[in-house]
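*Asks:*
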Amino acid sequence: DVKVTQSSRYLVKRTGEKVFLECVQDMDHENMFWYRQDPGLGLRLIYFSYDVKMKEKGDIPEGYSVSREKKERFSLILESASTNQTSMYLCASRPGHMYNEQFFGPGTRLTVL
Amino acid sequence: QKEVEQDPGPLSVPEGAIVSLNCTYSNSAFQYFMWYRQYSRKGPELLMYTYSSGNKEDGRFTAQVDKSSKYISLFIRDSQPSDSATYLCAMKGNTGFQKLVFGTGTRLLVSP
């Protein structure tokens, strides 16, 4: 079974803090994704990565950056957390761009106070 | 206008009912259509996917795509309380690197 794990299920941070969200997949997938999920807005793509050290902006990259130094790990960074970044963050991976199914992690509920 | 529209619900039905969940979309380049199920406090998991138009059946679930109307449906027969979840439609094209475009999700509640 494909497993996508996220470093924390719940996280509380203060405005202005630098926040790291970690995602690890164990199936040698090439593509990895970071989404945020908000009521009424659904899943919105923040950043994605084709492969190691490759990254592309998604639909809402402002206020975020990412890092993919190893194939299995994709990190989302909030340089200076703000209250409007309070959300559920979901990481996903898929074998490659010709594949349809994305495998999601359990999500990190981030609250910024 | 959003690329993919989905009624957020909630949709409340009694156990045993037939459930119909729907999405409309505007991008005629979409070729792959998926339904994800998301239980509370969990990540989405793929339920079904279809390519282009037509029907696909898997147990109590049937996915239907009508590309001429840009309309997709998921039918659940003999619904169970364990089907209570949020159902997200997702779709993508088939050229190059394509990201999934998701609907906002429909929350389904099946009461015993």
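Sequences listed follow chains D and G, in order. Per our numbering, numbering through the first sequence is continuous, rising by one, with the last residue being 1087. Per our numbering, numbering through the second sequence is continuous, rising by one, with the last residue being 119. Just so you know, even glycine gets a beta-carbon here, dropped at the ideal spot from N, CA and C. As the structure is a computational prediction, the values presented were derived from the model and not from experiment.
(1) Does the Cβ-Cβ distance between Ile1051 of chain D and Pro1035 of chain D come in under 8 Å?
(2) Under the three-state reduction of DSSP, which class applies to Thr102 of chain G: helix, strand or coil?
(3) Between which two residues does the beta strand (DSSP E) carrying Gln45 of chain G extend?
(4) Please report how far the alpha carbon of Gly16 of chain G lies from the alpha carbon of Gly1037 of chain D, in whole angstroms.
(5) Strictly below 7 Å CB to CB, what residues from chain D border Met41 of chain G?
(6) Consult DSSP for Ser89 of chain G and reduce its assignment to one of helix, strand or coil.
(7) Using C-beta distances below 7 Å, list every residue in its chain close to Ser27 of chain G, excluding the 5 sequence neighbours before and after it, in chain order.
(8) Considering Glu946 of chain D, what are the terminal residues of the beta strand (DSSP E) in which it resides?
(9) At least one CB of chain G closer than 8 Å to the CB of Gly1037 of chain D: is that the case?
(10) Does DSSP put Asn1005 of chain D in a helix, in a strand, or in coil?
(11) Under a three-way DSSP split, which group does Gln71 of chain G fall into?
(12) Going by beta-carbon coordinates alone, are Arg44 of chain G and Arg67 of chain G separated by less than 8 Å?
(13) Just how far apart, CA to CA, sit Ser982 of chain D and Tyr1009 of chain D?
(14) Closer than 9 Å between beta carbons: that is the criterion. Which residues of the segment 979 to 997 of chain D meet it against chain G?
(15) Tell me which residue opens and which closes the beta strand (DSSP E) that Lys63 of chain G is part of.
(16) Determine the extent of the beta strand (DSSP E) in which Gln980 of chain D is found, giving its start and end residues.
(17) Which residue or residues does DSSP assign as beta-bridge partners of Arg1018 of chain D?
(18) Put Thr113 of chain G into one of helix, strand or coil per three-state DSSP.
(19) What's the gap between the Cα of Leu1015 of chain D and the Cα of Lys99 of chain G?
(20) Who are the Cβ neighbours of Ser89 of chain G in its own chain at under 7 Å, not counting the five residues just before and after it?
*Replies:* Taking the structure as given:
(1) Walking along the first sequence from the start, residue 1051 of chain D turns up at place 77. Walking along the first sequence from the start, residue 1035 of chain D turns up at place 61. 8 Å or more divides the Cβ of Ile1051 of chain D from the Cβ of Pro1035 of chain D.
(2) Counting from one through the second sequence, the residue named residue 102 of chain G turns up at place 95. Coil at Thr102 of chain G, not helix or strand.
(3) Along the second sequence, one-based indexing puts residue 45 of chain G at 38. For Gln45 of chain G, the uninterrupted beta strand (DSSP E) run begins and ends at Tyr39 to Gln45, by DSSP.
(4) Taking the first residue of the second sequence as position 1, residue 16 of chain G is located at position 9. Taking the first residue of the first sequence as position 1, residue 1037 of chain D is located at position 63. Whole-angstrom Cα-Cα distance: 31 Å.
(5) Your numbering for residue 41 of chain G matches position 34 in the second sequence. Contact of Met41 of chain G with chain D by beta-carbon distance below 7 Å involves Asn1074.
(6) Here residue 89 of chain G refers to the residue found at position 82 when the second sequence is read from its first residue. Assigned with DSSP and collapsed to three states, Ser89 of chain G falls in helix.
(7) As a working note, residue 27 of chain G is residue 20 in the second sequence. Taken in chain order, the residues that qualify are Ser80 and Phe82.
(8) With chain D represented from 975 up to 1087, any question about residue 946 of chain D goes unanswered, as that position is not in the structure.
(9) By 1-based counting over the first sequence, the position of residue 1037 of chain D is 63. For Gly1037 of chain D, the answer is no, since every Cβ of chain G falls outside 8 Å of its Cβ.
(10) The count along the first sequence starts at 1 and reaches residue 1005 of chain D at position 31. Here Asn1005 of chain D sits in strand by DSSP.
(11) Residue mapping note: residue 71 of chain G aligns to position 64 of the second sequence, counting from 1. Assigned with DSSP and collapsed to three states, Gln71 of chain G falls in strand.
(12) Along the second sequence, read from residue 1 onward, the residue named residue 44 of chain G stands at position 37. Along the second sequence, read from residue 1 onward, the residue named residue 67 of chain G stands at position 60. At a Cβ-Cβ threshold of 8 Å, Arg44 of chain G and Arg67 of chain G do not count as neighbours.
(13) Residue numbering aside, residue 982 of chain D sits at position 8 when the first sequence is read from its first letter. Residue numbering aside, residue 1009 of chain D sits at position 35 when the first sequence is read from its first letter. About 15 Å.
(14) So the close ones are Gln980 and Arg983.
(15) The sequence position of residue 63 of chain G within the second sequence is 56, counting from 1. It spans Gly61 to Asp65 - the beta strand (DSSP E) in which Lys63 of chain G sits, taken as one unbroken run.
(16) The residue given as residue 980 of chain D occupies position 6 in the first sequence. For Gln980 of chain D, the enclosing beta strand (DSSP E) starts and ends at Val978 to Gln980.
(17) Here residue 1018 of chain D corresponds to residue number 44 of the first sequence, with the count starting at 1. For Arg1018 of chain D, DSSP records a beta bridge to D:Arg1010.
(18) Here the question's residue 113 of chain G lines up with position 106 in the second sequence. It is a strand residue.
(19) Within the first sequence, the letter at position 41 stands for residue 1015 of chain D. Within the second sequence, the letter at position 92 stands for residue 99 of chain G. In this structure, the alpha-carbon of Leu1015 of chain D lies about 18 Å from that of Lys99 of chain G.
(20) Along the second sequence, one-based indexing puts residue 89 of chain G at 82. Exclusion of the five residues before and after Ser89 of chain G leaves no residue of its chain whose Cβ lies closer than 7 Å to its Cβ.
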